[in-house]
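Structure first, commentary second.
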């Protein structure tokens, strides 16, 4: 391996208590990775506490250890902070609380695969691989750490999610090689697939219908988008993955009203446009093919402005 990972045992000591943080609106890569750390660290005599800022409709209950997730920042004394799948501290809802812990001298281990990561940790473990799940798997394997069946299930879920069932361009030979290692440990692929993709309720289908009813395609087929209202029934639909199935369009955008002056934006690109670079113009980030941002302002103002800039930028690339 051309860029070896730092020794995990140098970052952790037996008896340590670690606070693991994930980004706002966490996905299954973030949660699966956090739980994989929970199971792997416990074998080293380390206690992990996991802080999940919000659930955002994503169902995590099928993952081993899901009951250990805390939806408020845990109190207590910690020996280090591990932040997973987060390109910037600004993506943590309680950034000030974490910053205070860091100011008190706590080591901060920044583990991420986003190309725009700001390197904010005292230790930065950054690799441009498919997922944090793949990064952690490679790291654990390099260290010779035991990946038990529970951790393997979590890591497989993380990789599966961030590769779109192994269909995105971020999938490499190493991705498949690591998945093979996880399968050897013991992963029920069928059960995980069913839990991830075949648990939609009637409410979920209502949300899908709302999303599809509002799909709009740019006149020049530059992009397609949909706008989701603020008040939605509880659901686990990944709307961006639903509309990206539209043919002959490269860029897809989902706007989700969060409050009177906050709009969450999710972006995807199939092959041409760099959505990470575009999202960065608005203070967001992510990957070349998947990015997001939260816009501040009234939706009837910020959405047209965002779309106008997108049309302008995409027209310039044609």
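Numbering (the numbering used here), first residue to last: 29 to 346. Cβ coordinates follow ideal geometry from the N, Cα and C atoms, glycine included.
- Using a 10 angstroms sphere on the CB of residue 61, the tally of other CB atoms reaches 16 or more, which defines it as buried.
- In this chain, residue 320 is not harboured by any alpha helix (DSSP H); it is covered by the beta strand (DSSP E) spanning 318–324.
- Here the segment 236–248 makes no contact with the segment 208–227; the two share fewer than three CB pairs at distances below 8 Å.
- Taken atom to atom, the span from the alpha-carbon of residue 217 to that of residue 87 is near 17 Å.
- Per DSSP, residue 299 lies in no beta strand (DSSP E) segment and is marked neither H nor E.
- The residue from 64, 286, 269 with its alpha-carbon nearest to that of residue 259 is 286.
- Within the segment 32–107, the beta strand (DSSP E) runs of at least 3 residues that lie entirely inside it are, in chain order, 45–50, 75–79.
- In this structure, residue 143 places its C-beta atom within 9 Å of the C-beta atom of residue 316.
- For residue 165, the uninterrupted alpha helix (DSSP H) segment begins and ends at 160–171.
- Contact check for residue 228 and residue 256: beta-carbon distance about 16 Å, past the 8 Å limit, so the pair fails to qualify.
- Your pair residue 173 and residue 68 checks out as a contact, with CB atoms roughly 6 Å apart and the cut at 8 Å.
- Partner residues in the beta bridge of residue 140, as assigned by DSSP, are 154.
- Here residue 313 carries a strand assignment [DSSP, helix/strand/coil].
- Distances from the alpha-carbon of residue 338 to those of 250, 185, 318, 274 put 250 closest.
- Taking C-alpha positions only, residue 98 is separated from residue 343 by approximately 45 Å.
- Relative to residue 235, the option among 114, 204, 213, 268 whose CA is nearest is 268.
- Following the DSSP letters along the chain, one finds residue 282 inside the beta strand (DSSP E) bounded by residues 279–287.
- For residue 220, same chain residues with a beta-carbon under 8 Å away, outside a window of 5 residues either side, are 90, 181, 184, 185, 188 in chain order.
- Excluding residues up to 5 positions away in sequence, 295, 313, 314, 319, 320, 321 lie with their Cβ nearer than 7 Å to the Cβ of residue 307 in the same chain.
- Remark: fewer than three beta-carbon pairs, one from each stretch, lie closer than 8 Å, so the segment 99–106 and the segment 190–197 are not flagged as touching.
- Rounded to whole angstroms, residue 201 and residue 166 show a C-alpha spacing of 13 Å.
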